[in-house]
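Participant: So the sequence lines, in the order shown, correspond to chains A and B. Taking the working numbering, I'd label the letters of the first sequence as residues 82 to 228. Taking the working numbering, I'd label the letters of the second sequence as residues 82 to 228. Beta carbons are placed, not taken as given, at the ideal position from N, Cα and C, and that holds for glycine.
Protein chains: 2
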Amino acid sequence: MFAGSHQLTVDEKGRLAVPARYRHALDAQCQSQVVITMGYEPCLEIYPAPEFRAICESIVQMENREHAELLKRAFVGRAVECELDKQGRISVPTLLRRQAHLDTSVVLVGQINRFELWAEDKWTAMYGEGPDSILPTLKDAFRALKR
Amino acid sequence: MFAGSHQLTVDEKGRLAVPARYRHALDAQCQSQVVITMGYEPCLEIYPAPEFRAICESIVQMENREHAELLKRAFVGRAVECELDKQGRISVPTLLRRQAHLDTSVVLVGQINRFELWAEDKWTAMYGEGPDSILPTLKDAFRALKR
DNA sequence: TGAGGTTTCCCCACGATTCCCCACTTTCCT
DNA sequence: AGGAAAGTGGGGAATCGTGGGGAAACCTCA
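(1) Just verifying my parser: in three-state terms, what is the DSSP assignment at B/GLU138?
(2) Out of curiosity, what's the CA-to-CA distance linking B/GLU144 and A/ARG195?
(3) Output the residue ranges of the alpha helix (DSSP H) runs that lie fully inside the segment 174-223 of chain A and measure 4 residues or longer, sorted by chain position.
(4) Tell me the rounded alpha-carbon separation between A/ARG104 and A/LYS227.
(5) With the cut-off set at 7 Å, would you say B/VAL187 and B/VAL115 are in Cβ contact?
(6) So what's B/LEU151 in DSSP terms, helix, strand or just coil?
(7) For a contact meaning CB atoms closer than 8 Å, what does A/VAL190 contact in chain B?
(8) For B/ILE215, does the count of other Cβ atoms within 10 angstroms reach 16, so buried, or fall short, so exposed?
(9) State the beta-bridge partners of B/SER86 as determined by DSSP.
(10) Taking the alpha carbon of A/ALA206 as the point to measure from, which residue in A/THR118, A/ASP108, A/PRO123 has its own alpha carbon closest?
(11) Can you tell me whether A/ARG179 is buried or exposed? The criterion is at least 16 other CB atoms within 10 Å of its CB, across all chains shown.
(12) Indicate whether A/ALA222 and B/HIS148 have their beta-carbon atoms separated by less than 7 Å.
(13) Mind pulling the chain A residues with CB within less than 8 Å of B/CYS137?
(14) Expressed to the nearest angstrom, what Euclidean distance is found between the alpha-carbon atoms of A/LEU209 and A/GLY158?
(15) Below 7 Å on C-beta distance, what does A/LEU183 contact in chain B?
(16) A/ALA222 touches chain B at which residues, Cβ-Cβ below 7 Å?
(17) Just curious, the alpha helix (DSSP H) that A/GLN168 is in, first and last residue?
(18) Would you report the Cα separation of B/GLN168 and A/PHE156, rounded to the nearest angstrom?
(19) Going by the CB atoms, is the gap between A/LEU152 and A/ILE140 shorter than 7 Å?
(20) Taking C-beta pairs closer than 7 Å, name the residues in chain A that B/GLY120 reaches, listed in chain order.
(21) By Cβ distance, which residues of its chain are closer than 8 Å to A/SER172, with the 5 residues on each side in sequence left out?
(22) Would you report the Cα separation of B/PHE133 and A/GLU132, rounded to the nearest angstrom?
(23) Using CA coordinates, which residue listed in A/PRO100, A/ALA130, A/TRP204 is at the minimum distance from A/GLN112?
(24) Assuming contact is defined by CB atoms lying nearer than 7 Å, are A/VAL161 and A/ILE193 in contact in what I supplied?
(25) Please compile the residues from chain A whose C-beta is within a distance smaller than 9 Å of the C-beta of B/VAL161.
(26) Nearest-angstrom Cα distance between A/LEU107 and B/GLN142?
(27) For the beta strand (DSSP E) containing A/ARG96, name the first residue and the last one.
(28) Alpha carbon to alpha carbon, what distance is there between A/ARG154 and A/GLY120?
(29) Per DSSP, which one or two residues make a beta bridge with B/ARG129?
(30) Using only alpha-carbon positions, find the residue among B/GLY85, B/PHE83, B/ARG102, B/ALA135 that is nearest to A/MET82.
(31) Quick one: list the residues of chain A neighbouring B/ILE127, beta-carbon separation under 8 Å, in chain order.
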């Protein structure tokens with residue numbers, strides 16, 4: 082289960098050092114094999130490989146064929162399989178980096194079954210120190226949650 | 082079950098000494114593994130790790146997808162797993178401390194299944210010596226409570 | 001087919017941060 | 001008053017994030 086956010090830098094070679102605390106889990110869960118792709122948010126999504134395959138299954142079995150086709154093109158079609166190198170880094174494909182408008186300063190966010198990779202400025206603007214804009218909705222969301 | 086409030090200090094390295102009376106319970110309940118994150122109040126929330134995981138389950142299964150997404154980013158995305166050190170302290174991440182506007186003087190408040198960590202001035206202003214502002218609502222709340 | 005250039009991967013190194021351990025001081029209980 | 005437990009502080013070692021160099025693999029174009 083992934084949680085937490087880390088400010089990281091993508092170096093000149095497009096490499097991203099995965100925080101050490103996640104490496105062990107990723108190794109155990111998927112032999113350090115991950116899939117990077119995009120959803121509808123302006124950020125990259127990083128899945129452990131088995132998790133991604135499970136989502137593909139779900140897409141194939143969708144009732145709504147039109148939705149399924151769209152997801153196959155936009156979600157599956159943009160996916161790239163990667164592997165952590167021996168130093169625990171993944172090299173993020175240039176195309177995806179451009180599509181998500183990532184420069185060197187990024188934020189890696191744990192999202193339970195996946196990670197999201199945001200441009201730092203976008204992330205801070207939306208969920209950072211002063212997330213005043215989302216506060217009312219957030220309050221509603223918390224109240225809808227049993228805990 | 083956690084109750085009561087303690088005035089504590091966060092030292093220069095961002096460490097918080099958990100009152101000894103809670104340590105046994107935390108050790109028994111979660112091997113001293115806790116998760117620190119933020120809700121919509123300007124304070125930090127500290128959960129025993131299993132408690133936090135249970136909440137994540139609830140989030141994943143929420144009906145309202147928009148709420149679930151928001152909670153995943155704001156609640157899960159800001160969470161940090163910590164472990165009490167051998168001296169019974171947790172080191173509170175700098176980012177979270179800044180977001181909750183904590184300086185050295187804080188109040189740890191037992192909240193049944195979690196703790197809350199408030200900046201002392203905020204806590205005293207809201208629930209401290211003169212809680213005049215909340216008194217009418219408090220009255221309603223008590224009357225709604227069977228006891 | 002071969003040469004040049006580019007990309008990818010691995011290793012090493014440095015600086016900063018984090019974590020762990022030890023010690024001191026204060027408080028509370030006996 | 002004495003002792004034990006708890007809160008507080010600091011020093012040192014290990015780890016982690018980051019950058020760069022070099023070798024191997026790949027692709028392109030002649």
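Facilitator: Taking the coordinates as given:
(1) helix
(2) 20 Å
(3) 175-180, 201-208
(4) 31 Å
(5) no
(6) helix
(7) ARG154, GLY158
(8) exposed
(9) B/VAL190
(10) A/PRO123
(11) exposed
(12) yes
(13) MET82, ALA84, ILE193
(14) According to the sequence as given, residue 209 of chain A is Gly; it is not Leu. In a straight line, the C-alpha of A/GLY209 is about 31 Å away from that of A/GLY158.
(15) Going along chain B, no residue has its Cβ under 7 Å from A/LEU183, so there is no contact; the nearest lies around 17 Å.
(16) HIS148, LEU151, LEU152
(17) Unbroken run through A/GLN168: none, as it is neither H nor E.
(18) 48 Å
(19) yes
(20) PHE223
(21) LYS94, GLY95, ARG96, LEU97, CYS163, ASP166
(22) 21 Å
(23) A/ALA130
(24) no
(25) ALA84, GLY85, SER86
(26) 24 Å
(27) 96-98
(28) 11 Å
(29) Position check: residue 129 of chain B holds Pro in this sequence, whereas Arg was assumed. DSSP lists B/VAL115 as partners of B/PRO129.
(30) B/ALA135
(31) Those do not exist, as B/ILE127 stays about 14 Å from chain A at its closest Cβ, beyond 8 Å.
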